[in-house]
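Protein chains in written order, with this note's numbering: chain R, 244 to 615; chain B, 141 to 509.
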């Protein structure tokens, strides 16, 4: 035990002697949390709209003013020429063209159908679909207004109507920061821990200083533990900094148990650090380690569930995520922080993390060779 | 010149000797294209939904069936009381609970009104919005069916929609340019900064500096192999996305490659700049991976749309080179625009490159410390 403590002390001394790394490992996560968490949102607003109103009646103006009133659309341009509009859409001056042909108001007034045409820049398919759905909603709404104004023949009570009320729990306003903070924090903790631990180990190999450790009576498992503990602590400090930023800067509630979250994060970090050390056993230079680490990290991150909902991934991807520790922590972090999930709710995830942690650490210890 | 070529050859040998380098240069783009193509979609499918049916009559049954058979949802559980909602959300599998009030069918028939409450799990805002929207659409569709409104009152306004540039609404149009942008800047910056700092850290930089090669030749020699490999990389990604997704380049391929070369140069100059700042490989790797990976993924408008960013962050994203390249590459690949439409972005990239090279030349030290 004392041996391990001495080794850990040595590691800490070594880490903090490197001025750049010892500052960057806290400064970079802080800067990125502050920068990235509020920046990213899937919520769509300010879709730039161009209007071609060749009708100029009270009906067409009514529709336009309805669109102007929504926060979703921003009317940035209006013209009478369809060519000009198409040209500017090509130049990416706006995202959507609404064309109201002449005769629209007259048709509506006489009870005939009024035709509209809409052109959407659909390079980003999901935004295009959403804008279309939204525009369609506004049009349908407007349509209903006209209907109730024009035709008062059907008494409202006779038409059965299903009233829908909806609410969002845990995040009433659908504030995107509540989603991004746990996500970005998880990724940062992963990247910092994974890279630093692996690089540290391989650097000793590359510089030859590992020999000095190998000739001592230090056991393999002691060495691996000593290499893990400092980065485990650094990871947890990064996590706490992130949570404090979340609370103080972004005012994100923390509903669940902090102890539970830190326990899960520790298991997660052991899993990730074990993996990093395992990779380091078959890399002889920092460059080689970095290549493999980069590859693993980018796949773990993309499949972690931050960029895509887990449920909509195909079966093979969901199966892959069974061995992806980042995906588990991503879920746990969000569930414990925002929903107050208890150990009972996340037991499956925790057990999986423990299994991954045991596997990766024992692989790291087994693969480590004291002989060159 | 001969000396320089010899140096470039040495660098190539360095790269090819380690199979991992090639694995990374070509493995990452391939893996990313496949992940994005087949695993990542922002759409919601099979979202878990639980029902709390307090009425249990024919109408609620019909509506439930309609919701389940739509394909968006998967029933996780049937609840019997309000108290269970909290528990089921905490387990995480259920994204939405649909509650039918008591005597639903009776009320609908007698009073003409009956209500449904939807509660969605807001901890995943995107899923929550989509799930709620889908459910509402299905319910109002059902409502129209039972009320017979469709027969009486036709929609007076008939909108007709055209999806420009991407009529089939494929998501590849977003991520293929994104992957190219991300891969080039990360790999180029990482590789260059690491090879240069490696020579410093191992002490071999001294050997190079005392050789008759001029510093600029050393740097160029380090960069040339990665320039060529990155260019091959771009072509590889384009061919792959054509073979797998049938996505072809609409505009001029030569223009696209020329722009890519400019962007590769920019990325390499970022790498050189990092290497002049970083004293060790660890520092170089830390800056180019930890420092650049997340901001590039999140702020370049590749997964998350940048149009929606609040003003300050919108401005910050103007400082990031990927933003410009992604605009250029999308315009050329998908809209088929010519140079005249992207000259502004090109100019920005060009001046950034010049700036970074200028800074590195100024900071590059010929003497050891």
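Note that beta-carbon positions come from the ideal geometry of N, C-alpha and C, so glycine has one too.
The shortest C-alpha to C-alpha distance from residue 428 of chain R to any of R/488, R/405, R/464 is the one to R/488. When DSSP states are grouped into helix, strand and coil, residue 415 of chain R belongs to the coil group. Taking C-beta separations shorter than 6 Å and ignoring five residues to either side along the sequence, the partners of residue 318 of chain B in its chain run 442, following chain order. The three-state secondary structure of residue 432 of chain B, taken from DSSP, is coil. Residues of the same chain with a CB within less than 6 Å of the CB of residue 470 of chain B, apart from the 5 flanking positions on each side, are 317 in chain order. Counting the other Cβ atoms within 10 Å of the Cβ of residue 530 of chain R gives 16 or more, which makes it buried. Bridge partners of residue 317 of chain R according to DSSP: R/291. DSSP assignment within the stretch 225-284 of chain B yields the following whole alpha helix (DSSP H) runs of 4 residues or more, N-terminal first: 244-250.
Beta-bridge analysis with DSSP links residue 277 of chain R to no other residue. Between residue 401 of chain B and residue 369 of chain B, the C-beta gap is not smaller than 9 Å, which leaves the two residues out of contact. As the crow flies, the alpha-carbon of residue 522 of chain R is around 13 Å from that of residue 467 of chain R. Taking residue 287 of chain R as reference, the option from R/324, R/419, R/506, R/548 with the minimal CA-CA separation is R/419. Using a Cβ-Cβ cut-off of 9 Å, residue 433 of chain B counts as an interface residue toward chain R, since at least one Cβ of chain R sits closer than that to its own. Boundaries of the alpha helix (DSSP H) around residue 399 of chain B: 393-417. In this structure, DSSP gives residue 341 of chain R an extended state, which the three-state scheme calls strand.
Per DSSP, residue 189 of chain B lies in no alpha helix (DSSP H) segment; the continuous beta strand (DSSP E) that holds it begins and ends at 187-193. Taking residue 390 of chain B as reference, the option from B/377, B/475, B/488 with the minimal CA-CA separation is B/475.
Using a Cβ-Cβ cut-off of 9 Å, residue 181 of chain B counts as an interface residue toward chain R, since at least one Cβ of chain R sits closer than that to its own. DSSP places residue 218 of chain B inside the beta strand (DSSP E), whose first and last residues are 213-219. For residue 408 of chain R, the secondary structure class from DSSP, reduced to helix, strand or coil, is strand.
Neighbours of residue 168 of chain B in chain R, taken as residues at a C-beta separation under 8 Å, are given in chain order as 537, 538, 541. Looking only at R/478, R/533, R/594, the smallest Cα-Cα distance to residue 512 of chain R is reached by R/478. Ranked by how close their Cα comes to the Cα of residue 305 of chain B, the residues B/504, B/484, B/472 have B/472 in first place.
Across the stretch 402-427 of chain R, CB contacts with chain B closer than 9 Å involve 402, 403, 404, 405, 406, 407, 408, 409, 410, 411, 412, 413, 414, 415, 416, 417, 418, 419, 421, 422, 423, 425, 427, in sequence order along the chain. In the three-state reduction of the DSSP assignment, residue 308 of chain B falls in the coil class, being assigned neither a helical nor a strand state. Nearest to residue 539 of chain R by C-alpha distance, out of R/612, R/507, R/460, R/438, is R/438. In the structure shown, residue 196 of chain B falls within a coil segment according to DSSP collapsed to helix, strand and coil.
In the three-state reduction of the DSSP assignment, residue 322 of chain R falls in the strand class. Looking at the DSSP output, residue 360 of chain R bridges to R/342, B/300. In chain order, 365, 368, 371, 372 make up the part of chain R whose C-beta sits under 7 Å from the C-beta of residue 309 of chain B. Under the three-state reduction of DSSP output, residue 205 of chain B falls in the helix class. Contact residues of the stretch 171-198 of chain B toward chain R are 171, 172, 175, 176, 178, 179, 180, 181, 182, 183, 184, 185, 186, 187, 188 (C-beta to C-beta distance below 9 Å). Shown here for residue 484 of chain R: same chain residues with a beta carbon closer than 7 Å to its own, the five before and five after excluded, namely 269, 272, 273 in chain order.
In this model, residue 247 of chain R and residue 256 of chain R are separated by some 14 Å (Cα to Cα). When rounded, the separation of the alpha-carbon atoms in residue 196 of chain B and residue 430 of chain R is 45 Å. For residue 551 of chain R, the neighbours in chain B by C-beta distance under 8 Å run, in chain order, 179, 180, 181, 182.
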